[in-house]
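Residue numbers (UniProt numbering): 1 to 375. Here a beta-carbon is modelled for each residue, glycine too, at the ideal position from N, C-alpha and C. Quick notes on the structure that follows.
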C-alpha cells in the first residue's frame, strides 16, 4: 500500500474492513485508483453508497459467527434469508441459542425457480416445519423472488409493521440471494435512489455495515454470507458453479426406475435403486446439469472412465474431495413422498413406495431426508 497514508486510511470508512487489493470477493477489496482517493472506501461500500447496489460478500465460518454475534448484541428483527431451492444448505449452523433472543422471520428467496403450479401456502407451511426441525426459532416466513419481485410488497408490509425503529439484521449463507434481496428492498424503501448513510458496525472490522435510510426509521445491518464445506456449491470452481446453480424455472426430470438402475447427477452425486417395485423418481437440479441413467452393474466403471467428461462437474479445478463419492444406504417403507436433498446441488423426489437404495455423495456432504417439498 501507499506509505504516506495514515493508519486510518487503511480501513474502509463504510464497513470497517481492512482495505486490500488482492481478492475481489473478500471484505475490503479496493482498486488501486480508488485507494488513492482522500477517504477511500471498499468497492462494496462504494457501489452501495453511489449506486444503491449490494455486492455479495462471503467469509469463512471461523469469522462469520463473530460478525453475527456482534450484530445481535442488542434486540433485533432478523431476516433469515434462505434459498428455497436449497433449504438444507441454507441452514446456518450453531446460532440457535442467540437467535431465540430475537424476532426471527425466514425470507425464502428464489420462489421463481419453482413450477408455476407450486402452491405457496403449502410451501410456506412445509418451510416452517423444516425450520423447526432445524431448530431455527422463526415466528413467520415469507416466500419471495428478489428477481421477479414476487411477494416483495408483502415483505415490505411486514417490515413496516414489525421492524420500524428497530435494527434489522440480515443474515444467511453465501449464494442464497441475500444481496439481490437487499437490492430489491432498498429500491422499495428508498425509491428516489438517494445516498445511503453507511457505517462500520460497532466492534467489528470484518465487513458488516449498518445502513440508515434517512428519516424512515429503518436501520439495516448487512452481514456477509457464510461459506461452508457441507454444500457442494462451495466446493466447485466458478465454471462448474454455473453448471449447478439454477438461473431459470426448474424443469423437473422424471425417470421411471427399476431395481438395478443408477442415476448420476453430473459426477457430484449418484443414486442407486437397489430394491423395490418400479417407480418414478423426479430430479430437481439446475436445468443445465447433465443427469445420466445407467445400469447399476456398470455404474462403478462408468464413473471411473467418464468422471470429468460425460460426468461433469467436478472438473480438475474443483475441490479434489469432490472426486470421490461415499455411499450411504437409504430405505423407506411405503408412505408419504420424500425428498433426498443434497446441500448445494438439488433434490430427488421419491414417490412414497417401498424402496432400498444407496446415495453416493462427496465426503462432508450429508443427504437430508425430508417430506417432499413439491406435493
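Can you list, in chain order, the residues of its chain whose CB lies under 8 Å from that of residue i, leaving out five sequence neighbours each side?
i	result
residue 74	167
residue 139	103, 104, 105
residue 377	What is shown of the chain runs 1 to 375, which leaves residue 377 out entirely.
residue 112	145, 147, 148, 150, 249
residue 280	254, 255, 256, 257, 351
Using C-beta distances below 7 Å, list every residue in its chain close to residue i, excluding the 5 sequence neighbours before and after it, in chain order.
i	result
residue 13	39, 41
residue 302	294
residue 323	307, 314
residue 203	Confidence at residue 203 is low in this model, with a pLDDT of 42, below 50, so its placement is unreliable and the value that follows should be read with caution. Excluding sequence neighbours, residue 203 sits near 70.
Quick one: give me the first and last residue of the beta strand (DSSP E) that residue i is part of.
i	result
residue 77	77 to 83
residue 292	291 to 295
residue 69	First-last for residue 69: 61 to 71, but that is the alpha helix (DSSP H), not the beta strand (DSSP E).
residue 275	269 to 275
residue 261	261 to 265
residue 212	209 to 212
residue 256	253 to 257
residue 346	346 to 350
residue 171	167 to 171
residue 222	219 to 222
Which residue's Cα is closest to the Cα of residue i: the options?
i	options	result
residue 150	140, 70, 108, 135	108
residue 288	180, 249, 315	249
residue 187	153, 371, 69, 177	153
residue 290	49, 245, 18	245
residue 320	299, 363, 339, 125	363
residue 134	96, 243, 80	96
residue 340	101, 98, 54, 85	85
residue 55	222, 142, 71, 82	222
residue 174	61, 338, 120, 77	61
residue 48	32, 93, 208	208
residue 79	143, 365, 30, 292	143
residue 100	178, 76, 256, 257	76
residue 163	300, 277, 373, 218	218
residue 304	325, 284, 72	325
For residue i, name the three-state secondary structure that DSSP assigns.
i	result
residue 372	coil
residue 103	strand
residue 287	coil
residue 238	helix
residue 178	helix
residue 355	strand
residue 184	helix
residue 332	strand
residue 110	coil
residue 299	helix
residue 161	helix
residue 325	strand
residue 340	strand
residue 195	Any answer about residue 195 is weak, because its pLDDT of 42 lies below 50 and its placement is not dependable; what the coordinates show is given next. DSSP places residue 195 in coil when its eight states are reduced to three.
residue 306	helix
residue 148	coil
residue 364	coil
residue 227	coil
residue 23	coil
Identify, in the order they occur along the chain, each residue of the same chain with its Cβ nearer than 6 Å to the Cβ of residue i, setting aside the five sequence neighbours on each side.
i	result
residue 28	12, 17, 18, 19, 20, 42
residue 199	Here residue 199 scores only 48 on pLDDT, less than 50, and its place in the model should not be relied on; the value that follows carries that caveat. Counting only Cβ-Cβ distances below 6 Å, and skipping sequence neighbours, we find 210.
residue 243	288, 289, 313
residue 275	259, 356
residue 59	224
residue 368	88, 341
residue 34	40
Give the range of the alpha helix (DSSP H) segment to which residue i is assigned.
i	result
residue 142	Per DSSP, residue 142 belongs to no alpha helix (DSSP H); it is in the beta strand (DSSP E), 140 to 143.
residue 132	120 to 133
residue 34	32 to 35
residue 49	43 to 51
Quick one: is the Cβ of residue i within less than 6 Å of any heavy atom of the ligand SAH?
i	result
residue 287	This structure does not include the ligand SAH; it has no bound ligands of any sort.
Does chain B have any CB closer than 7 Å to the CB of residue i?
i	result
residue 80	Note that chain B does not occur in the displayed structure, where there is just one protein chain.
Whether or not the segment 303 to 316 and the segment 262 to 272 are in contact is what I'm after, with contact meaning three or more pairs of Cβ atoms, one per stretch, closer than 8 Å; do they touch? Touching, yes, given that three or more Cβ pairs across the two stretches are closer than 8 Å.
Examine the Cβ distances between the segment 220 to 239 and the segment 330 to 348 and report whether three or more of them are shorter than 8 Å. Yes, since at least three Cβ pairs between the segment 220 to 239 and the segment 330 to 348 fall closer than 8 Å, the two stretches touch.
Taking contact to mean 3 or more Cβ pairs, one atom from each stretch, closer than 8 Å, check whether the segment 326 to 341 and the segment 353 to 366 are in contact. Counting C-beta pairs with one atom in each stretch, the segment 326 to 341 and the segment 353 to 366 have three or more that are closer than 8 Å, which means they touch.
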